[in-house]
Every structure is written in structure tokens, then in C-alpha cells.
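Student: Protein chains in written order, with the working numbering: chain X, 121 to 437; chain A, -6 to 277.
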Amino acid sequence: MSKTLAFEEPIVKLREKINELEEFTSTNEVDLSEEIGKLKTRLSNLETEIYSNMEPWDRVQVARHPERPTTKDYIAELFEDFMELHGDRSFGDDAAIIGGIGFFESMPVTVIGHQRGKDTKENVKRNFGMPHPEGYRKALRLMKQAEKFGRPIICFIDTKGAYPGKAAEERGQSEAIARNLIEMAGLKVPVVSIVIGEGGSGGALALGVANHIHMLEHSTYSVISPEGAASILWKDASLSKQAAEAMKITAPHLKEMGIIDEIIPEVLGGAHRDPKAQAVEMRKVLKTSLDSLSEMNANEIIDDRYNKFRAIGVFSE
Amino acid sequence: MIREFFTKKKQAITIPSADAKNDVPEGIMTKCPDCKQIILTKDLIKTAKVCPKCDHHFKMTAWERVECLFDENTFKSMDDHLKSENPLKFPSYTEKIASDSEKTGLNEAVLTGIGKIGGNEVAVAIMDSHFRMGSMGSVVGEKITRAIEAATDKGIPVIIFSASGGARMQEGVLSLMQMAKTSVALQRHADKGLLYISVMTYPTTGGVSASFASVGDINLAEPKALIGFAGRRVIEQTVREKLPDNFQTAEFLLEHGQLDAVIDRRNLTETLAKLVGLHVREAN
Ligand SMILES: [Zn+2]
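(1) Can you list, in chain order, the residues of its chain whose CB lies under 6 Å from that of Val132/A, leaving out five sequence neighbours each side?
(2) Contact check, Arg271/X vs Val329/X under 8 Å by CB: the rounded distance?
(3) Give a yes or no on whether the C-beta atoms belonging to Ile383/X and Met335/X are separated by under 9 Å.
(4) Starting from Phe199/X and walking both ways along the beta strand (DSSP E), at which residues does that stretch end?
(5) How many angstroms separate the CA atom of Ile131/X from the CA atom of Met71/A?
(6) Could you check whether the Cβ of Lys46/A sits closer than 8 Å to any heavy atom belonging to ligand 2?
(7) Could you tell me which chain X residues have their CB closer than 7 Å to the CB of Ser202/A, listed as they occur along the chain?
(8) Looking only at its chain, what residues have a beta carbon closer than 6 Å to the beta carbon of His145/X, apart from the 5 residues adjacent to it on each side?
(9) On the three-pair Cβ rule with 8 Å, is the region 187 to 205 of chain X touching the region 351 to 364 of chain X?
(10) For Tyr189/A, write down the residues that DSSP places opposite it in a beta bridge.
(11) Output, in sequence order along the chain, the residues in the region 345 to 357 of chain X whose CB is closer than 7 Å to any CB in chain A.
(12) Can you name, in chain order, every residue of its own chain whose Cβ lies under 7 Å from the Cβ of Gly221/A, other than the five neighbours on each side?
(13) Compare the C-beta of Ala279/A with all C-beta atoms of chain X and state if any pair is closer than 9 Å.
(14) I want to see whether chain A comes within less than 9 Å of Phe435/X, judged by CB atoms only; does it?
(15) Does the Cβ of Lys24/A have 16 or more other Cβ atoms within 10 Å, making it buried, or fewer, making it exposed?
(16) Give, in chain order, every unbroken run of the beta strand (DSSP E) that is at least 3 residues long and sits entirely within the region 25 to 112 of chain A.
(17) So within the region 190 to 250 of chain X, which uninterrupted beta strand (DSSP E) runs reach at least 3 residues, ignoring any that extend past its ends?
(18) Mind reading off the beta-carbon distance from Leu262/X to Leu205/X? Whole number of angstroms is fine, and I expect it under 8 Å.
(19) What do you get for Lys14/A, buried or exposed, if any count of 16 or more other CB atoms within 10 angstroms of its CB means buried?
(20) Can you pull out the residues from the region 253 to 270 of chain X whose beta carbon lies closer than 7 Å to at least one beta carbon of chain A?
(21) In or out: Lys428/X buried (at least 16 other Cβ within 10 Å) or exposed?
(22) Taking Val343/X as the query, report the chain A residues whose CB atoms sit under 7 Å from its CB, ordered along the chain.
(23) Name the chain A residues whose beta carbon is nearer than 7 Å to that of Gly306/X?
(24) Can you round the beta-carbon distance between Leu179/A and Ile333/X to whole angstroms, since I take them to be within the 8 Å contact cut?
(25) Could you tell me if Ile90/A is buried or exposed, where buried requires 16 or more neighbouring beta carbons within 10 angstroms of its beta carbon?
(26) Output, in chain order, the set of chain X residues within a Cβ distance shorter than 7 Å of Pro80/A.
(27) Within the region 238 to 308 of chain X, note down every full beta strand (DSSP E) run reaching 3 residues or more, in order along the chain.
(28) Between the region 386 to 403 of chain X and the region 177 to 197 of chain X, can you find at least three pairs of beta-carbon atoms closer than 8 Å?
(29) Is Asp27/A a contact residue of ligand 1, with contact defined as CB to any heavy atom under 8 Å?
(30) Of the residues Glu129/X, Glu142/X, Thr147/X, Gly249/X, which one's Cα is nearest the Cα of Glu154/X?
(31) Does the Cβ-Cβ distance between Ala310/X and Ser409/X come in under 9 Å?
(32) May I have the straight-line CA-CA distance separating His249/A from Ala287/X, to the nearest angstrom?
(33) Which chain X residues are close to Phe222/A, counting only those with a beta carbon under 8 Å from its beta carbon?
(34) Just checking: is the beta-carbon of Ile(-5)/A within a distance shorter than 9 Å of some beta-carbon in chain X?
(35) Relative to chain A, which residues along the region 361 to 378 of chain X have a C-beta separation below 9 Å, given in chain order?
(36) For the region 402 to 425 of chain X, which residues have a CB atom closer than 7 Å to at least one CB atom of chain A, in sequence order?
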């Protein structure tokens, strides 16, 4: 049984009741099948109702679910013959970003993504998916390699942000992110980025200067976390829920603002409930993206990316 | 993130304050926040707002930089008509923009235009931290992008003076995307083989430091300018250790290989003129 989120509690309570009744009938000579059947219908209605009316804050909780599928999970489902490639050739190998090459639908591709851990031990190793400069520099190295061999690049975005640490600053966290933005702008191969969990600020954007940006339905993409926004704007971190709403960080909001291309529908209750089924949905969107981009030449690809970001901004003149 | 840089900043105090003589008209004297020296304000302008006693670099407005930088009467500003909207409908955001606009005489936190330095034409974007802490929202991103595009079209260098706490929170993810917008424009400028000089001033942090400010062909900074990605307090809480006093200063970045040079503001115009001159190519 996976971790229950606050907004899911009515569902869990009802499911527990059904389980109790089922257990009771199995040990007693009574027929409650009609009763149980009714409750099961109610459960299914309740699930549909709750999961299709999720508030931004509920989505934040799903995006942060400890069992939410990570880059590695999607790589296993979507790519054949994947081989991970390590290191930035300069300082080290940052486990908070992974990358490598493999086949997608028989086409060689480069895959790069933030990588969280699923338990404490792995999270320590992967620094909770918060990269140091060498992570971004590894990503850039692999992007340039992809460009050399004419491979499309697929990026999975899943980070609370770039790591705010002393060593990160000393090694040029700002420059590492900034360099990726400008270099990605000029890549001659298609880039598709998919936000699969939290897309936290510059640390997320450093894998996000793409021709197409897609978001899983319950993922978020923001300039600052709801907690951070609440404490800066209202000096009160407990207003995170309101901040999640006000900052417009969910997939539907980003789609509305014209920043992302497609919302990838999630399986009922969130991707963690059925990662395989989720990957099937993702494959469809990814294939459509790559097919449409494969018709462009290098200049068209760069211009397409230019036009995409050039158009973002709300102002009057 | 943004705010802490400013609460820690030492305020330049304009006399009269408690210890001023009553007969000194307001604004005529300025007290150095570092060495406490009292300086005639009009003398301070002559030294590019650098304290003659301790070399403290006072904050400058964008227009003061224009005064110091360009050959006389060559600067023409652009896009002064762009206006910020309130896309996330934040309470009082529109009013804050209006009040900062009145205070600074700028339409937003950056002044852009084209002028001549040492006889050579350059496009510039000069951020002004007196306007919403120099934070970058849609208009700042758009103005900088247009200045870069103008430089690309004319085949001239672009110089960006950063002075910013980072992304403008009130415009949410639209602000974040300005980092990408300015980057795609810079990439096009670079692709034409044109020069980009980044000048980092106090403060250059967050999303501005993590985009255009850090990727100049030449990265310069003013002495003691605060430059960094994350806020000092956030880092201290994360790593649970005391950070060195010079952490995230221009000198610290120079030591760690992130800057080409730290330039005293009194030599900055001359340095820029020389660098631009070194990149002039004869027209065919
Ligand atoms: Zn002084």
C-alpha cells in the first residue's frame, strides 16, 4: 500500500471499510455481496470525483510522492539497449543527473534526467535530485555528443532545484546553469523535455530549453517552491497551499500560459499507481513530438526553439 | 532568496541624518556606509560614485551609469514604452511597479539602448536595483532580449550591466522563462561572432546570475559585488557551516575562476572601450 496523501483519505477510509466487510463475510456465514457491491461502486465514483478535481496543492503532493516514478523508471520502460554514461570529464560524476544513449522506437537517442532516490540511502547518494555544477556539465557534454551524432535529446525534469551549497557556488553553479541555457538554444538536434515531478526553477530549466516541453498532469514547474513563495511574498511558509494556487505552477496553468506543449494524462491517482501504464501514455506523446521534429533541418530546429522562448512574456506596449 | 540580499545591504545614507548640521541642504552630502566618511554628493559623481577614501562602490542608478559610460550625447534609449502587466493577479503588484517607475523614472528594472563607447557603437542593457530590486519579469526579459537582437541586427557588441536579486516572484514561471528567452537571443548574437561583455554589479544573484550574467565572452565585475546563485542564508542552513566573509563576492568569484577581471568602476569605461576596440572588425 503506497503512502496516503491528505486529499485521498476519504478514498482510503471507504476502501478499508470494504476490506473489513469482505473479511467478515469470509469468516462468517452471511451474504453481504450486495452491500459490498454498492460500496465498490461508491468507491469508484469517489475516486473519479476526487482525482479529477485535484487542487494545485494536491498535485504538489502527488508530484512529491516518494514512490513517484523517476527518470530511471521511465528509461526502463521507454528505451531499449540503454547504456548510462558517466561524468563531466572535468570534476566528477554527479548522481543527481543521469544520462546515456539507447533506442526509442528503433531510433538512437540521448536521454538525460534529474534523478531522485526512492529511499534515504539512494537519496543521500543522489543528493535528493539536486545537482551540483558537474551534473549540468555532464548533461551538456552528453547533449553535445548527441549533436555530433545527430541524435535527438530527451530530458526528464524532476528536481526541487539546483543544490544551494558552498561547493556548488565555488564551482560555478550559476555558470553551469547559464551555459546549458545558451548551449541548448543552439543545439542542431531536436530536444524534448518532459517534467515528470517537480520542476524547480533554474535547476530545472537547465534541462528545459527544448523544442517541445511536456508535463505530466500532476507535475509542477515553478520559479520557486510554494513554501519559498509563501515565505517571501507573505512572510509565512504555512501559506504554501495558497501559494501553490497563486503562483500557477501546475500543468494546466502552464498550458494555459502557453509555456508547455502537451499535458500527459496521468493514471487515476497519479503515475505511482501504475508506472507501466504511465509510460505507455508518455511514449505516445514523445513519439508524436519526435516525429514532427524529425522533419526539420538544423536551422529550422534552432529557429523553432528560438521562436518558442522568444514569445514568452506578458506585457503591454 | 531575493529579500535577504537587501536586508543585509548597508544603506547609503543621505545627509541630513541625526549627526548632520542643520544648515546642510538635503542631498548635498553623502556618508560612506563603509568608512563613514562624509563626501560632497557632487564630488561623488566625479569619482563615479566610488568613495575616495575607502573605494566603496555606491549603488548607481541606470542613468548615472549612462552618464559615466557613453561618449557625450551618443546614447539613445529604447523600449521605454513597455509596461508590466499583472499576469498572476498579485495584490498591489501593479501599484508597486507604478511607484518604482515614478521613483526611478524608468518603465522597468532595466534601461536599454544604443550608444558609443570610445567611438564604437554598442548596445547595452543596464539593470537598476532601485526598481523592484532589479528583479527580472516579462518586461525586463523582453527589453534585454530586444537590446541583444538590436545588437545582432546591427552587428555590434552588447554589454549587460547586471544588478538584480533574480527572478521576479510576482510573475511566477513567466519570470523563470525570461532566463531562457534572453539566452536564445544571446546564442544568436554569439553565432554571428559578436562580442558580449557581462558586467556584474551589486547584486547579481539568482536567475540573473544563472543566465545571461554568467556567460559573457568576457565576465567583469565591480569590486566587492555580491554574485551568486543561492542566497547566503539558504546555503548556511543547507550546509550548516559558517561561510567565509568574502563568500560570493567578486573577489571570491575571481579566485574560483568565474570572472575574467574585477575592475574598479573608475577604470570601467576605459576598460570597456579598450575591450570593444579590440573586437572591432573592418566592414567589408
Ligand atoms: Zn568610504
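In this text, a Cβ means the ideal position worked out from N, Cα and C, and glycines have one as well. This structure is a prediction, so every number in the text was calculated from the model and none was measured.
Tutor: With the structure as the only source:
(1) Non-local C-beta neighbours of Val132/A in its own chain, meaning closer than 6 Å and more than five positions away in sequence, comprise Leu75, Ser77, Glu101, ordered along the chain.
(2) Not really, about 17 Å apart at Cβ, beyond 8 Å.
(3) Result yes, Cβ atoms of Ile383/X and Met335/X sit closer than 9 Å.
(4) First-last for Phe199/X: undefined, no H or E at that position.
(5) Distance from the CA of Ile131/X to the CA of Met71/A, rounded to the nearest whole angstrom, comes to 58 Å.
(6) In the structure on display, ligand 2 does not appear, and the ligands it does have are ligand 1.
(7) Those are Ser294, listed as they occur along chain X.
(8) First, the amino acid is wrong: residue 145/X is Thr here, not His. The beta carbon of Thr145/X sits closer than 6 Å to those of Leu152, all from its chain and outside the five residues before and after it, given in chain order.
(9) Segments in contact, no.
(10) Its beta-bridge partners are Val151/A.
(11) Of all residues in the region 345 to 357 of chain X, only Gly348, Ala349, Ile352, Leu353 come within less than 7 Å of chain A when Cβ atoms are compared, listed by chain position.
(12) Within the same chain, Gly221/A has close Cβ partners Thr198, Ser202, Gln241.
(13) Limits of chain A in this structure are -6 at one end and 277 at the other, which puts residue 279/A out of reach.
(14) Closer than 9 Å to some Cβ of chain A, the Cβ of Phe435/X qualifies, so yes.
(15) By the neighbour-count rule (16 or more Cβ atoms within 10 Å), Lys24/A is buried.
(16) Entirely contained in the region 25 to 112 of chain A, the beta strand (DSSP E) runs reaching 3 residues are, in chain order, 31 to 33, 69 to 71, 103 to 110.
(17) Counting whole runs of 3 or more residues, the region 190 to 250 of chain X contains the beta strand (DSSP E) stretches 200 to 204, 217 to 224, 227 to 234.
(18) Cβ atoms of Leu262/X and Leu205/X come within 8 Å of each other, at about 6 Å.
(19) Only weak support exists for where Lys14/A lies, its pLDDT of 42 falling under 50; the coordinates are left without a value.
(20) Residues passing the 7 Å Cβ filter: none.
(21) Buried: at least 16 other Cβ atoms inside 10 Å.
(22) Near Val343/X (Cβ distances below 7 Å), the residues of chain A are Ala160, Met162, Gly165, Val166, Ser168, Leu169.
(23) The answer, in chain order, is Gln180, Asp184.
(24) Their Cβ separation, rounded to whole angstroms, is 20 Å, which puts Leu179/A and Ile333/X out of contact at 8 Å.
(25) So Ile90/A counts as buried.
(26) Chain-order list of chain X residues neighbouring Pro80/A: Val434, by C-beta distance under 7 Å.
(27) Runs of the beta strand (DSSP E) inside the region 238 to 308 of chain X: 273 to 279.
(28) Verdict: yes, contact present.
(29) Under cutoff, so the answer is yes.
(30) Taking only the C-alpha atoms, the option nearest Glu154/X is Glu142/X.
(31) Reading off the sequence shown, one finds Pro at residue 310/X, where the question assumed Ala. Result yes, Cβ atoms of Pro310/X and Ser409/X sit closer than 9 Å.
(32) Spanning the two alpha carbons is a distance of roughly 11 Å.
(33) In chain order: Ala282, Pro284, Ala288, Glu289, Gln293, Ser294, Ile297, Gly322.
(34) Its pLDDT being 45, under 50, Ile(-5)/A is placed unreliably by the model, and the measurement read from it follows with that caveat. Output row for Ile(-5)/A: interface = yes.
(35) Residues of the region 361 to 378 of chain X with a Cβ closer than 9 Å to any Cβ of chain A, in chain order: Ala366, Met367, Lys368, Ile369, His373, Leu374, Met377.
(36) Only those residues of the region 402 to 425 of chain X whose C-beta falls short of 7 Å from the nearest C-beta of chain A are listed: Arg425.
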